[in-house]
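Trainee: Below is the structure I would like to discuss, written out as structure tokens.
2 protein chains.
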Amino acid sequence: MIKYAILGLLHYKNMHGYRIKKHIEQNFGHMWSINYGQIYPNLKKLEQDGLIRMTQILQNDEKGPPRKLYSITEKGKKDFAAWLHASPEKSMLLRDPFLMRFVFFGFGDPERALELIDEQIALYEQQMERRRRNLKKWKKSGGYVRLMGELGVSLNEMFLQWLNRARSEILKDKTGETSHPSGTQKRSIAR
Amino acid sequence: MIKYAILGLLHYKNMHGYRIKKHIEQNFGHMWSINYGQIYPNLKKLEQDGLIRMTQILQNDEKGPPRKLYSITEKGKKDFAAWLHASPEKSMLLRDPFLMRFVFFGFGDPERALELIDEQIALYEQQMERRRRNLKKWKKSGGYVRLMGELGVSLNEMFLQWLNRARSEILKDKTGETSHPSGTQKRSIAR
DNA sequence: CTGATAATATATACTTTCTATATATACAAA
DNA sequence: TTTGTATATATAGAAAGTATATATTATCAG
Numbered sequence: 001m002i003k004y005a006i007l008g009l010l011h012y013k014n015m016h017g018y019r020i021k022k023h024i025e026q027n028f029g030h031m032w033s034i035n036y037g038q039i040y041p042n043l044k045k046l047e048q049d050g051l052i053r054m055t056q057i058l059q060n061d062e063k064g065p066p067r068k069l070y071s072i073t074e075k076g077k078k079d080f081a082a083w084l085h086a087s088p089e090k091s092m093l094l095r096d097p098f099l100m101r102f103v104f105f106g107f108g109d110p111e112r113a114l115e116l117i118d119e120q121i122a123l124y125e126q127q128m129e130r131r132r133r134n135l136k137k138w139k140k141s142g143g144y145v146r147l148m149g150e151l152g153v154s155l156n157e158m159f160l161q162w163l164n165r166a167r168s169e170i171l172k173d174k175t176g177e178t179s180h181p182s183g184t185q186k187r188s189i190a191r
Numbered sequence: 001m002i003k004y005a006i007l008g009l010l011h012y013k014n015m016h017g018y019r020i021k022k023h024i025e026q027n028f029g030h031m032w033s034i035n036y037g038q039i040y041p042n043l044k045k046l047e048q049d050g051l052i053r054m055t056q057i058l059q060n061d062e063k064g065p066p067r068k069l070y071s072i073t074e075k076g077k078k079d080f081a082a083w084l085h086a087s088p089e090k091s092m093l094l095r096d097p098f099l100m101r102f103v104f105f106g107f108g109d110p111e112r113a114l115e116l117i118d119e120q121i122a123l124y125e126q127q128m129e130r131r132r133r134n135l136k137k138w139k140k141s142g143g144y145v146r147l148m149g150e151l152g153v154s155l156n157e158m159f160l161q162w163l164n165r166a167r168s169e170i171l172k173d174k175t176g177e178t179s180h181p182s183g184t185q186k187r188s189i190a191r
């Protein structure tokens, strides 16, 4: 999929790897983060396959080594268009080391569970501000990119609400019935 | 992270690979889907590291080849507990081939974009039913697992709302100003 | 002016995750 | 008897993600 993120960005303008990473993080980087170790091998492969081409090496006028500017080829545009109009094969994938812990909190210390929830709340409140700021920038720009930004804000809001609800439920359970903590899992998995 | 999903599940009871996959999908499989190609190599590695142990080979009373039952060791429990109480290193990752297309819909055919959105709406309405059904089962079970199920439902609801909003906005844009489609991206990426 | 630090940029080795496919067992149906 | 289907394990290979090395230049401290 990184392949198509790169091909898509090169529709806007010619870019070098470093810039591509910045754009990926700023545009659909709400829930995405990418690495140089993913960018450069992909650029190499795409060039080998003739989907992109290195057009020029720019001497960096600020600092650092020269930039390798890539542009998309006709073949690349065709490949991208075919992908864009195809029905997505796979569905949404959400992976979160916090949520992975959450389902198992019943095996751990409820105090620590609450601490970790508070960490998450703080983290996503911070992120919320950043996302709202970015949204203002996108208000002017193309519809799809703006809508994507709005999804990021909605997701963040929903998650914060859920975290707060979880927090108060666990707190209630802990103080209310210390002898029968419903959070203590034994064989409570659905079959 | 799959490592800890396996170690976590083995806290409930001894299991074989096939059963572990089913449980992963049914418990936190809202946004997760796992493959045998991820299960068996992990079981192998965990056994080598002494975190789990193959306790018995059960002759399958239904059909198919014998099952290899694994149990968690003391070392495994210690490793799991340390992970459970640690602050998560990385943050939420959302990867979705539909959303990846969505940000680039401006480079494609708006008609097709609407079709793909409708596909997603149909898909998530189906999923919504399944999730609500599962939620009823979890009402009885442990707090954390149930809360996790509720997150799945909230996420699904929010996403469906967003899809419908996106749908009507794109439709409005298309019929309203055919000469100035705001969906047509040129250089509308945030810097 | 020399050396340390920081920002820009590319590159590669390695690990984990994911996909695809092969193999074995047994029951049921055609 | 072959074909299909459900159960179960296993492995090869591709894609994604992490960690780290290297090069270039500006800036600032000593």
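Protein chains in written order, with our numbering: chain A, 1 to 191; chain B, 1 to 191.
Quick reminder that beta carbons are idealized off the backbone N, C-alpha and C, glycines included.
(1) Looking only at its chain, what residues have a beta carbon closer than 6 Å to the beta carbon of residue 174 of chain A, apart from the 5 residues adjacent to it on each side?
(2) Looking at the C-beta of residue 179 of chain B, does it have a partner C-beta in chain A at a distance below 9 Å?
(3) Mind checking if residue 132 of chain A is an interface residue toward chain B, Cβ cutoff 9 Å exclusive?
(4) Is residue 76 of chain A close to chain B, meaning its C-beta is less than 9 Å from at least one C-beta of that chain?
(5) Quick one: is residue 168 of chain A near chain B, going by C-beta distance under 9 Å?
(6) I believe residue 154 of chain B touches residue 162 of chain A by the beta-carbon criterion, under 8 Å. Please report the beta-carbon distance rounded to the nearest angstrom.
(7) Suppose only complete runs of 4+ residues qualify. What are the alpha helix (DSSP H) ranges in the region 21–57 of chain A, listed by chain order?
(8) State the CB to CB distance for the pair residue 31 of chain B and residue 93 of chain A, rounded to an integer number of angstroms; the pair is presumed to be in contact (CB under 8 Å).
(9) Please classify residue 20 of chain A: is it buried, with 16 or more other beta-carbons within 10 angstroms of its beta-carbon, or exposed?
(10) Give a yes or no on whether the minimum CB-CB distance between residue 96 of chain A and chain B is below 9 Å.
(11) How about residue 161 of chain B: is its C-beta nearer than 9 Å to some C-beta of chain A?
(12) Could you list which residues in chain A have their beta carbon closer than 9 Å to that of residue 173 of chain B, in chain order?
(13) Which residues mark the beginning and the end of the beta strand (DSSP E) in which residue 68 of chain B is found?
(14) Does the CB of residue 147 of chain A have a neighbour CB from chain B at under 9 Å?
(15) Mark residue 120 of chain A as exposed unless 16 or more other C-beta atoms lie within 10 angstroms of its C-beta, in which case mark it buried.
(16) Output needed in chain order: residues of the region 50–77 of chain A with a Cβ under 7 Å from some Cβ in chain B.
(17) Using 9 Å as the limit for Cβ to Cβ distance, is residue 84 of chain A near chain B?
(18) Would you mind listing the alpha helix (DSSP H) stretches within the region 84–168 of chain A that are 4+ residues and don't spill past its ends, in chain order?
(19) Do residue 1 of chain A and residue 65 of chain B have their CB atoms nearer than 9 Å?
(20) Ends of the alpha helix (DSSP H) at residue 13 of chain B?
(21) If distances are taken between C-alpha atoms only, which option among B:83, B:25, B:122 and B:123 comes closest to residue 108 of chain A?
(22) Is there at least one Cβ from chain A nearer than 9 Å to residue 89 of chain B's Cβ?
(23) How many angstroms separate the CA atom of residue 3 of chain B from the CA atom of residue 170 of chain B?
(24) Within 10 angstroms of its Cβ, does residue 15 of chain A collect 16 or more other Cβ (buried), or is it exposed?
(25) Determine, for residue 93 of chain B, whether the minimum Cβ-Cβ distance to residues of chain A falls below 9 Å.
(26) At 8 Å on the CB atoms, spell out the chain A contacts of residue 81 of chain B, in chain order.
(27) State the Cα-Cα distance for the pair residue 167 of chain A and residue 143 of chain B, rounded to the nearest angstrom.
(28) Measuring only the C-alpha atoms, how far is residue 9 of chain B from residue 55 of chain B?
(29) Compile a chain-ordered list of the residues in the region 4–28 of chain B whose CB is closer than 8 Å to at least one CB of chain A.
(30) Could you compute how far the alpha carbon of residue 181 of chain B sits from the alpha carbon of residue 74 of chain A?
(31) Among A:129, A:159 and A:67, which one has its Cα closest to the Cα of residue 17 of chain A?
(32) Strictly below 9 Å CB to CB, what residues from chain A border residue 153 of chain B?
(33) Can you give me the C-alpha to C-alpha distance between residue 59 of chain A and residue 69 of chain A, rounded to a whole angstrom?
(34) Hey, is residue 128 of chain A's beta-carbon within less than 9 Å of any beta-carbon in chain B?
(35) Let me know if residue 79 of chain A comes out buried or exposed under the rule of 16 or more other beta-carbons within 10 Å of its beta-carbon.
Mentor: Taking the structure as given:
(1) What you label residue 174 of chain A is simply residue 174 of the first sequence in a count that begins at 1. Result list for residue 174 of chain A: 110, in chain order.
(2) Locating residue 179 of chain B in the second sequence gives position 179, counting from the first residue. In this predicted model, residue 179 of chain B has a pLDDT of only 45, less than 50, meaning its place in the structure is not dependable enough to derive any value.
(3) One-based indexing of the first sequence puts residue 132 of chain A at position 132. With 9 Å as the cut-off, residue 132 of chain A does not count as an interface residue toward chain B.
(4) Translated into the one-based positions of the first sequence, residue 76 of chain A becomes position 76. By this cut-off, residue 76 of chain A is not an interface position.
(5) For the purposes of this step, residue 168 of chain A is identified with residue 168 of the first sequence, where counting begins at 1. Residue 168 of chain A does not count as touching chain B.
(6) The residue given as residue 154 of chain B occupies position 154 in the second sequence. The residue given as residue 162 of chain A occupies position 162 in the first sequence. Sure, about 6 Å apart at Cβ, within 8 Å.
(7) 36–48
(8) Sequence index remark: in the second sequence, residue 31 of chain B carries index 31 (1-based). Sequence index remark: in the first sequence, residue 93 of chain A carries index 93 (1-based). Confirmed, about 7 Å.
(9) In the first sequence, the residue the question calls residue 20 of chain A occupies position 20. Buried, because 16 or more other Cβ atoms sit within 10 Å of the Cβ of residue 20 of chain A.
(10) As a working note, residue 96 of chain A is residue 96 in the first sequence. So yes, residue 96 of chain A belongs to the interface.
(11) Looking up residue 161 of chain B in the second sequence gives position 161. Yes, because at least one Cβ of chain A sits closer than 9 Å to the Cβ of residue 161 of chain B.
(12) Sequence index remark: in the second sequence, residue 173 of chain B carries index 173 (1-based). Those are 143, listed as they occur along chain A.
(13) Here residue 68 of chain B refers to the residue found at position 68 when the second sequence is read from its first residue. It spans 67–72 - the beta strand (DSSP E) in which residue 68 of chain B sits, taken as one unbroken run.
(14) As a first step, residue 147 of chain A is located in the first sequence; it is residue number 147 there, counting from the start. Judged by the 9 Å Cβ criterion, residue 147 of chain A is in contact with chain B.
(15) Against the first sequence, residue 120 of chain A aligns to sequence position 120. Residue 120 of chain A should be labelled buried.
(16) none
(17) The residue labelled residue 84 of chain A in the question sits at position 84 within the first sequence. Yes, its Cβ sits closer than 9 Å to a Cβ of chain B.
(18) 97–102 and 110–138
(19) For this step, residue 1 of chain A is matched to residue 1 along the first sequence. For this step, residue 65 of chain B is matched to residue 65 along the second sequence. No, the Cβ-Cβ distance between residue 1 of chain A and residue 65 of chain B is not below 9 Å.
(20) The residue you call residue 13 of chain B lines up with position 13 of the second sequence. Here residue 13 of chain B belongs to no alpha helix (DSSP H), and DSSP marks it neither H nor E.
(21) Stepping through the first sequence from its first residue, residue 108 of chain A is reached at position 108. Minimum Cα distance to residue 108 of chain A is reached at B:83.
(22) Here residue 89 of chain B refers to the residue found at position 89 of the second sequence. Chain A, which has a Cβ nearer than 9 Å to the Cβ of residue 89 of chain B, makes this yes.
(23) Here residue 3 of chain B corresponds to residue number 3 of the second sequence, with the count starting at 1. Here residue 170 of chain B corresponds to residue number 170 of the second sequence, with the count starting at 1. If I take the Cα positions, the gap works out to 43 Å.
(24) Taking the first sequence and counting its residues from 1, one reaches residue 15 of chain A at position 15. Burial call: buried.
(25) Indexing the second sequence from 1 puts residue 93 of chain B at position 93. Yes, residue 93 of chain B counts as interfacial toward chain A.
(26) The residue you call residue 81 of chain B lines up with position 81 of the second sequence. Those within 8 Å of residue 81 of chain B in chain A are 107 and 108.
(27) As a first step, residue 167 of chain A must be located in the first sequence, where it is residue number 167. As a first step, residue 143 of chain B must be located in the second sequence, where it is residue number 143. Cα to Cα, the separation comes out at about 11 Å.
(28) Within the second sequence, the letter at position 9 stands for residue 9 of chain B. Within the second sequence, the letter at position 55 stands for residue 55 of chain B. Their backbone Cα atoms lie some 16 Å apart in a straight line.
(29) 4, 5, 8, 9, 11, 12, 13, 23, 26, 27 and 28
(30) Reading the second sequence from its first residue, position 181 is the one you call residue 181 of chain B. Reading the first sequence from its first residue, position 74 is the one you call residue 74 of chain A. Only weak support is given to the placement of residue 181 of chain B: the predicted model assigns it a pLDDT of 40, under 50, and the question is left unresolved by the model.
(31) Looking up residue 17 of chain A in the first sequence gives position 17. Checked all of A:129, A:159 and A:67; the closest Cα to residue 17 of chain A is A:67.
(32) Sequence index remark: in the second sequence, residue 153 of chain B carries index 153 (1-based). Per Cβ cutoff of 9 Å: no residues; residue 153 of chain B is ~10 Å from chain A at best.
(33) Against the first sequence, residue 59 of chain A aligns to sequence position 59. Against the first sequence, residue 69 of chain A aligns to sequence position 69. When rounded, the distance between both Cα atoms is 11 Å.
(34) Taking the first residue of the first sequence as position 1, residue 128 of chain A is located at position 128. Judged by the 9 Å Cβ criterion, residue 128 of chain A is not in contact with chain B.
(35) The sequence position of residue 79 of chain A within the first sequence is 79, counting from 1. Buried is the call here.
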